[in-house]
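The structure under discussion appears below in the form of structure tokens.
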Amino acid sequence: MKLTFLGTGTSTGIPVLGCHCDVCRSTDPHDTRLRTSALVTTDTGGKILIDAGPDLRAQLLRHHNAPIDGVIITHSHYDHVGGVDDLRTLTYPNGSDIYCRHDVNDDLHRVLPYCFNDKYYPNIPKLRLHTIAELTPFELAGVTILPLPVMHGALPILGYRIGNLAYITDATVVPDESINAIKEIDTLVINALRIAPNPTHMNLEQSLATIERIKPRRAYLIHMSHQMGFEAEASRLLPPGVSFAHDGLTITID
Ligand SMILES: [Zn+2]
Ligand SMILES: [Zn+2]
Ligand SMILES: [Zn+2]
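Residues in the sequence shown are numbered consecutively from 9, following the working numbering.
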């Protein structure tokens, strides 16, 4: 199985519109980050998209301009669902299968009402929403996916386990039941916003403490803010086996 990081930035991306800080002006390509999203390629060639943010069109043009089997959504914030409409041409005429929590299902109906209108309207995206439940596995593209409950501030959202990969974004707290479901996993992808604390995302110290509880063989950090600093400098703060992901990085998971 392979995972390609389509985007590794927080909700603003980096550079941040209107910001002229050193990181936003960095010429190191690892300091440019689109909104967080990833593409999983299964051993049989299945394609599973994790989140469909507002940079989706540019990300897929760059990394996978071809159909996908389904989308698994972590939560309904704009930086994770702002690109759902762009799935339309990729999956025409069959439509897209989207897997999400019940509240995300409701939110997608609200933010994309024209996709769910009873009256026929030509060329709108055909979206099939599948409601999934915490710790209840389901099948997609020939693999089993386990939704992991995590907290994003006060908002319950989902991480996912796919084989030897665990993918968690936008978490503040990973509860014991999810830790137990991914303990000593091969590859953990987890969010780390910046050095300073934040009410709705783990900072670096909290991410490293969570990694220490899960004890994966290796961990990749995602959903970084420009306030994390230059990747080359912030990387010196990481213990062995932990690294910052960057846009376009592809890793293999056995
Ligand atoms: Zn986010
Ligand atoms: Zn900046
Ligand atoms: Zn969020």
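Quick reminder that beta carbons are idealized off the backbone N, C-alpha and C, glycines included.
Taken atom to atom, the span from the alpha-carbon of T44 to that of H209 is near 13 Å.
Taking the Cβ atoms as the reference, F238 lies roughly 36 Å from D51, outside the contact range of under 8 Å.
The continuous beta strand (DSSP E) containing I176 extends over residues 173-176.
Within the DSSP bridge table, the entry for K10 names T49, T260 as partners.
Taking the CA atoms as reference points, V89 sits about 11 Å from C108. Using a Cβ distance threshold of 8 Å, K55 and H72 count as a contacting pair. Within 7 Å of the C-beta of H83 there is at least one heavy atom belonging to ligand 3. Looking at P23, D105, M159, the one whose alpha-carbon comes closest to that of P207 is M159. Judged by DSSP secondary structure, D115 falls outside any beta strand (DSSP E) and instead within the alpha helix (DSSP H) spanning 110-119.
In this structure, A46 lies away from L68, with their beta-carbon atoms at least 8 Å apart. Contact between the stretch 15-26 and the stretch 219-233 is present: three or more C-beta pairs spanning the two stretches fall below 8 Å. D59 and R136 have their C-alpha atoms spaced approximately 15 Å apart. Nearest to S243 by alpha-carbon distance, out of H38, A141, C27, I22, is H38.
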